[in-house]
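Before any comments, here is the structure.
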Amino acid sequence: LISVNQIRNIQAIREGVTLRIPDRDGQLYTVREGDMLSTIARKYSPSLGWKTLQEINGLKSENILVGQQLFIPDTSSTATNQLADVAPIQFQKPATGTITTLFGQPYINPATGISESINGILIVGNWGSAVVASASGQVVDAGYEVKGRGRFVVLSHEGGYRTSYHHLENVEVRIGMTLSKGDTIGSIGTSGTSYERPTLFFSIEQSGIALDPIQFF
180 LISVNQIRNI QAIREGVTLR IPDRDGQLYT VREGDMLSTI ARKYSPSLGW KTLQEINGLK
240 SENILVGQQL FIPDTSSTAT NQLADVAPIQ FQKPATGTIT TLFGQPYINP ATGISESING
300 ILIVGNWGSA VVASASGQVV DAGYEVKGRG RFVVLSHEGG YRTSYHHLEN VEVRIGMTLS
360 KGDTIGSIGT SGTSYERPTL FFSIEQSGIA LDPIQFF
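Residues 180 to 396 (my numbering) make up the sequence shown, in order.
Right under this line is the structure:
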């Protein structure tokens, strides 16, 4: 109640003052430069999930503005636990290697040859290195594109998450298979690209919204 109403002096509260009364414990957060719902939820309430944070604050989309105030529920509260629609998932780095391109940085899309912001990350590794499932899930898509994704695999996870693995040299799974975290999907390669070194494109989405994978490792 103190946080939501930005009360600095309890003694200053007088009859007739209108107070905002939240239906659960929590705190008021002011959006800063560079914030996203996903990073805020990850930092202050990882078990809640950005989608629930969006719904609790009555937001029509995931877009937020600097200076905007958000209510972040206390996830220890029973009411919040009932509302939370995303179980905490721990993702791991899907391949050994160097992350050469970070989420949101410009890169040349191998499908179009046009520079754009990447909605995942690029990991450069060694030929033959394994690419593994970043979290437990089910293979929902797999295939091959001559120019673009190359040999690719897509996994579906709890909480509306999906992970994608592109440019594989070979694929060892098929659609419908259930994988455990760390199970081998294939090996890192250059399929679908003109890359000279084995490179994995990896992305994490929740409910169709691209998230920064680095926030999950």
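Here a beta-carbon is modelled for each residue, glycine too, at the ideal position from N, C-alpha and C.
Judged by beta-carbon spacing, Ser-224 lies within the 8 Å limit of Ile-251, meaning their Cβ atoms are closer than that value.
Tyr-340 counts as buried, since no fewer than 16 other beta carbons sit within 10 angstroms of its beta carbon. For His-345, the beta-bridge partners assigned by DSSP are Phe-380. Three or more beta-carbon pairs drawn from the stretch 382–392 and the stretch 282–301 are found closer than 8 Å, and the two stretches are therefore classed as touching.
Looking only at Val-245, Ser-335, Leu-379, Ile-388, the smallest Cα-Cα distance to Arg-328 is reached by Leu-379.
Between Gly-299 and Phe-381, the gap from beta carbon to beta carbon is short of 8 Å. Between Val-310 and the set Met-356, Thr-209, Phe-331, Leu-207, the nearest pair of CA atoms involves Phe-331. According to the DSSP assignment, Ala-220 belongs to the alpha helix (DSSP H) that extends over 216–223. By the criterion of a C-beta distance shorter than 7 Å, Arg-376 is surrounded in its chain by Val-303, once the five residues flanking it on both sides are discounted.
Linking Ile-293 to Ile-278 through their CA atoms gives a straight-line distance of about 21 Å.
When only Cα atoms are considered, Asp-253 and Gln-233 end up about 15 Å apart. The continuous alpha helix (DSSP H) containing Gln-233 extends over residues 229–235.
For Gln-248, the uninterrupted beta strand (DSSP E) segment begins and ends at 248–252. For the pair Glu-295 and Ser-373, the Cα-to-Cα distance works out to about 17 Å.
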